[in-house]
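J.: Note that the numbering used here gives residue 89 to position 40 of the sequence shown, counting from 1, and the numbers run on in steps of one. No residue lacks a Cβ here, since even glycine has one placed at the ideal position from N, Cα and C.
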Amino acid sequence: MKRKSLYALTGLVLLSMASCSDDYTDWANPQSSAQEPAITIPGFSSSYVGDASYVVDLSASESDSVKLFSLAVPALPEGYSVENVRAELLDGNQSKQVLNGDVNGRVATAELQDAVVTSYGKRPTARPFTVHIYANATKNGEAVFVDAGSFEAKVSPSAPYRIDDGYYFQYGDNNTAEFTHSSADVYDDPVFTVTVKTTEDNATWQIVSSAATNDEGLYFGPEKDGSTELSGKLVSENAGKGVLGKAGHYRITINMWERTYAIEALNFAPYIYEIGNNTSWSSTIPLAGVNYDGTYRGFAYLNGEFKFKPNPDDNWTGDWEKASGDAYSGTLTENGSSNIDAPETGFYMMDVNIVSMTYNLTRINTIGLIGDATSGGWDTDTEMTYDVSEGCWTVTTSLVDGKFKFRANKGWDINWGGSIDNLTSGGSDISVSAGNYTIKLYLSCEGMNHCTMTKN
Numbered sequence: 050m051k052r053k054s055l056y057a058l059t060g061l062v063l064l065s066m067a068s069c070s071d072d073y074t075d076w077a078n079p080q081s082s083a084q085e086p087a088i089t090i091p092g093f094s095s096s097y098v099g100d101a102s103y104v105v106d107l108s109a110s111e112s113d114s115v116k117l118f119s120l121a122v123p124a125l126p127e128g129y130s131v132e133n134v135r136a137e138l139l140d141g142n143q144s145k146q147v148l149n150g151d152v153n154g155r156v157a158t159a160e161l162q163d164a165v166v167t168s169y170g171k172r173p174t175a176r177p178f179t180v181h182i183y184a185n186a187t188k189n190g191e192a193v194f195v196d197a198g199s200f201e202a203k204v205s206p207s208a209p210y211r212i213d214d215g216y217y218f219q220y221g222d223n224n225t226a227e228f229t230h231s232s233a234d235v236y237d238d239p240v241f242t243v244t245v246k247t248t249e250d251n252a253t254w255q256i257v258s259s260a261a262t263n264d265e266g267l268y269f270g271p272e273k274d275g276s277t278e279l280s281g282k283l284v285s286e287n288a289g290k291g292v293l294g295k296a297g298h299y300r301i302t303i304n305m306w307e308r309t310y311a312i313e314a315l316n317f318a319p320y321i322y323e324i325g326n327n328t329s330w331s332s333t334i335p336l337a338g339v340n341y342d343g344t345y346r347g348f349a350y351l352n353g354e355f356k357f358k359p360n361p362d363d364n365w366t367g368d369w370e371k372a373s374g375d376a377y378s379g380t381l382t383e384n385g386s387s388n389i390d391a392p393e394t395g396f397y398m399m400d401v402n403i404v405s406m407t408y409n410l411t412r413i414n415t416i417g418l419i420g421d422a423t424s425g426g427w428d429t430d431t432e433m434t435y436d437v438s439e440g441c442w443t444v445t446t447s448l449v450d451g452k453f454k455f456r457a458n459k460g461w462d463i464n465w466g467g468s469i470d471n472l473t474s475g476g477s478d479i480s481v482s483a484g485n486y487t488i489k490l491y492l493s494c495e496g497m498n499h500c501t502m503t504k505n
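(1) Would you call T248 buried or exposed, if buried means 16 or more other Cβ atoms sit within 10 Å of its Cβ?
(2) Quick one: Cα of V300 to Cα of N352, how far?
(3) So Q255 is in the beta strand (DSSP E); what residue range does that whole segment cover?
(4) Can you tell me whether F200 is helix, strand or coil according to DSSP?
(5) Among T179, S259, K371 and F178, which residue has its Cα nearest to the Cα of F218?
(6) Along the chain, where does the alpha helix (DSSP H) that runs through T366 open and close?
(7) Specify the secondary structure class of A164 as computed by DSSP and reduced to three states.
(8) So if DSSP puts N304 in a beta bridge, which residue, or which two residues, is it bridged to?
(9) Could you tell me which whole alpha helix (DSSP H) segments of length 4 or greater appear in the region 93–144?
(10) Straight-line CA distance for M497 to N464?
(11) Below 8 angstroms on the Cβ atoms is my guess for I479 versus I469; work out the distance and round it to an integer in Å.
(12) Assign I212 to one of three DSSP states: helix, strand, or coil.
(13) At the level of alpha carbons, what is the spacing between I212 and K171?
(14) Where does A87 sit, in a helix, a strand or coil, going by DSSP?
(15) Can you give the beta carbon distance from P239 to N304, rounded, assuming they're within the 8 angstroms contact cut?
(16) Taking buried to mean at least 16 other C-beta atoms within 10 Å of its own C-beta, is A202 buried or exposed?
(17) Name the DSSP beta bridge partners of I419, please?
(18) Classify P177: buried if its beta carbon has 16 or more other beta carbons within 10 angstroms, exposed otherwise.
(19) Using a Cβ distance threshold of 8 angstroms, determine whether the region 152–166 contacts the region 111–124, with at least three qualifying pairs required.
(20) Keeping to the same chain, check which residues put their C-beta closer than 6 angstroms to that of Y491; ignore five residues upstream and five downstream.
(21) From G291 to R308, what distance separates their C-alpha atoms?
(22) For Q162, count the other beta carbons within 10 Å of its own beta carbon; 16 or more makes it buried, fewer makes it exposed. Which is it?
(23) Compute the Euclidean distance between the alpha carbons of Q143 and Y341, then round it to the nearest angstrom.
(24) In three-state DSSP terms, what is T158?
(25) Based on DSSP bridge pairs, tell me the residues matched to K188.
(26) Tell me whether Y103 is buried or exposed, calling it buried when 16 or more other Cβ atoms sit within 10 Å of its Cβ.
(27) In three-state terms, what does DSSP make of C494?
(28) Since S285 sits in a beta bridge, which residues does DSSP pair it with?
(29) With a threshold of 8 angstroms on Cβ separation, who are the neighbours of Y236 within its own chain once the five nearest residues in sequence on each side are excluded?
(30) Are the CB atoms of A296 and G270 within a distance shorter than 8 angstroms?
(31) In the DSSP assignment, find the unbroken beta strand (DSSP E) run with A226 in it and report its ends.
(32) Any idea if K459 is buried or exposed, counting beta-carbon neighbours within 10 angstroms, 16 or more meaning buried?
(33) Let me know if S386 comes out buried or exposed under the rule of 16 or more other beta-carbons within 10 Å of its beta-carbon.
(34) Using only alpha-carbon positions, find the residue among A186, K371, K454 and W427 that is nearest to S232.
(35) For T89 and S199, I'd like the C-alpha separation in whole angstroms.
Written out as structure tokens, the structure is:
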């Protein structure tokens, strides 16, 4: 601050020397710096626009600015004006944001919206702030930095629509499927997805909120009843019913912030892929969808977080992350942000259903040979050991002329047989001649499972 500016304020200071003495008294010999400490001036104060219960509701504001506070300004020495009013907002995490204001206590609606969203998110509910008001008393381009005090305020951000916590897709003859969603607040992530299978051509559809009873406003559909459009606006007033095309699988995505929908006819790929800590987040492990119905199964050694993706290469478009659940089972969301939690390190069977958007892990504790070619016959497994470095189950054992199969967890729910070059789930018994063998079993997915048998 320039020395001449402070001299010019002497009259103002003398009006209230006692009150100001605690804040700044050396007006004749002021410091010179880029930003002086703020002073207080009697009568120069701010207050909240309402009482303690009042909420500044930005949804109700139709103006570019909104009143947040009142600013009381005493008579200033001749030539002085109040400029550069600003509001410092301190949220519950003690994070500070600064907004420009004016002498009428108004701030830009968009800036206040951004501030509350930055601190708390988009959900339209009252959010607390401690607001500190500062201003400059200015003359001839020189300014005194004035502290106008602080107050508590509550601000609710604007949202274009109400968004409920869940939605259902109603289609065909009384069929209902629940949309999946990430773990984020629905106002911060308003996108919901569901995949369904229709068994009839031209099935009708509509969307209903999980909060719906008989409230007509909680049902959504296209603007035109009978619409076959695969994307468009959703309306709740006089909502129509959309029409799907030929029977098959469809993925439906809705954005309830924008009130839009998009429908995609699905042709399921033969494989999806697991990627994670076990693959150093670079290579992938396939899961096979042998029935082309959106269900996939594969096997992998897991030792950390992981996720699933539709592409084996470095293309991450459309990958599937955890929406809810834990390391062993839960729901998935497309293009989400949360990896699936790390399970206990070990070998697992992975089942994924991208129709219901679910995943499930089954721990493979043991794999063994069983059959009349083994020493335990058809009653006792000859157990194998998992070799992490080679990525296979291995055993060296003596066999007699006969047959055997591989099975997991000493039960028949998960077993393999058939050709050793292409082992299949539930496949036929494997014939073998007598000898001592080193057997290595490589499991990834149907069509790729195989073993090697080296006679010693």
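T.: Put simply:
(1) For this step, residue 248 is matched to residue 199 along the sequence shown. So T248 counts as exposed.
(2) By 1-based counting over the sequence shown, the position of residue 300 is 251. By 1-based counting over the sequence shown, the position of residue 352 is 303. It should be noted that the sequence gives Arg, not Val, for residue 300. Roughly 31 angstroms separates the two Cα atoms.
(3) Counted from its first residue, the sequence shown places residue 255 at position 206. Counting along the chain, the beta strand (DSSP E) containing Q255 begins and ends at T253 to S258.
(4) For the purposes of this step, residue 200 is taken as the residue at position 151 of the sequence shown. Reduced to three states, the DSSP call for F200 is strand.
(5) Taking the sequence shown and counting its residues from 1, the one referred to as residue 218 is at position 169. Closest option to F218, Cα to Cα, is S259.
(6) Here residue 366 is taken as the residue at index 317 of the sequence shown, counted from 1. Here T366 belongs to no alpha helix (DSSP H), and DSSP marks it neither H nor E.
(7) Stepping through the sequence shown from its first residue, residue 164 is reached at position 115. Helix.
(8) The residue you call residue 304 lines up with position 255 of the sequence shown. Note: N304 sits in a beta bridge opposite V240 and T309.
(9) none
(10) Taking the sequence shown and counting its residues from 1, one reaches residue 497 at position 448. Taking the sequence shown and counting its residues from 1, one reaches residue 464 at position 415. One C-alpha to the other measures close to 15 angstroms.
(11) Your numbering for residue 479 matches position 430 in the sequence shown. Your numbering for residue 469 matches position 420 in the sequence shown. The C-beta distance from I479 to I469 rounds to 6 angstroms, short enough to meet the 8 angstroms contact threshold.
(12) For the purposes of this step, residue 212 is taken as residue 163 along the sequence shown, with counting starting at 1. It is coil, neither helix nor strand.
(13) Translated into the one-based positions of the sequence shown, residue 212 becomes position 163. Translated into the one-based positions of the sequence shown, residue 171 becomes position 122. If you take the alpha carbons of I212 and K171, they lie about 11 angstroms apart.
(14) Taking the first residue of the sequence shown as position 1, residue 87 is located at position 38. Three-state result, A87: coil.
(15) Counting from one through the sequence shown, the residue named residue 239 turns up at place 190. Counting from one through the sequence shown, the residue named residue 304 turns up at place 255. Contact between P239 and N304 holds: their C-beta atoms lie close to 5 angstroms from each other, under 8 angstroms.
(16) Stepping through the sequence shown from its first residue, residue 202 is reached at position 153. With 16 or more Cβ atoms within 10 Å of its Cβ, A202 is classed as buried.
(17) Taking the sequence shown and counting its residues from 1, one reaches residue 419 at position 370. The partner list for I419 (beta bridge, DSSP) reads K454.
(18) Counted from its first residue, the sequence shown places residue 177 at position 128. By the 10 Å Cβ count, P177 comes out exposed.
(19) yes
(20) As a position in the sequence shown, residue 491 is number 442, starting the count at 1. If we look at Y491 and ignore the five residues flanking it on each side, its Cβ neighbours are C441 and H499.
(21) Residue numbering aside, residue 291 sits at position 242 when the sequence shown is read from its first letter. Residue numbering aside, residue 308 sits at position 259 when the sequence shown is read from its first letter. About 15 angstroms.
(22) On the sequence shown, residue 162 is found 113 positions in, with the first residue counted as 1. Buried: at least 16 other Cβ atoms inside 10 Å.
(23) Taking the sequence shown and counting its residues from 1, the one referred to as residue 143 is at position 94. Taking the sequence shown and counting its residues from 1, the one referred to as residue 341 is at position 292. Cα-Cα distance, rounded: 53 angstroms.
(24) Here residue 158 refers to the residue found at position 109 when the sequence shown is read from its first residue. Looking at T158 - three-state DSSP - the assignment turns out to be helix.
(25) Taking the sequence shown and counting its residues from 1, one reaches residue 188 at position 139. Answer is E191, bridged to K188.
(26) What you label residue 103 is simply residue 54 of the sequence shown in a count that begins at 1. So Y103 ends up on the exposed side.
(27) On the sequence shown, position 445 is the one that residue 494 refers to. C494 falls in the coil class under three-state DSSP.
(28) In the sequence shown, counting from the first residue as 1, residue 285 sits at position 236. Bridge partners of S285: none, in fact.
(29) Start at 1 with the first residue of the sequence shown, and residue 236 comes out as number 187. Cβ within range, chain order: G170, K171, R172, P173, A208, I212 and W306.
(30) Within the sequence shown, the letter at position 221 stands for residue 270. Within the sequence shown, the letter at position 247 stands for residue 296. Result no, Cβ atoms of G270 and A296 do not sit closer than 8 angstroms.
(31) Residue mapping note: residue 226 aligns to position 177 of the sequence shown, counting from 1. N224 to E227 is the extent of the beta strand (DSSP E) around A226.
(32) Indexing the sequence shown from 1 puts residue 459 at position 410. Exposed, since its Cβ has fewer than 16 Cβ neighbours within 10 Å.
(33) Taking the first residue of the sequence shown as 1, we reach residue 386 at position 337. Flag for S386 reads exposed.
(34) Position 183 of the sequence shown holds residue 232. Among A186, K371, K454 and W427, the Cα nearest to that of S232 belongs to K371.
(35) For the purposes of this step, residue 89 is taken as residue 40 along the sequence shown, with counting starting at 1. For the purposes of this step, residue 199 is taken as residue 150 along the sequence shown, with counting starting at 1. Looking at the two C-alpha atoms, the distance is approximately 12 angstroms.
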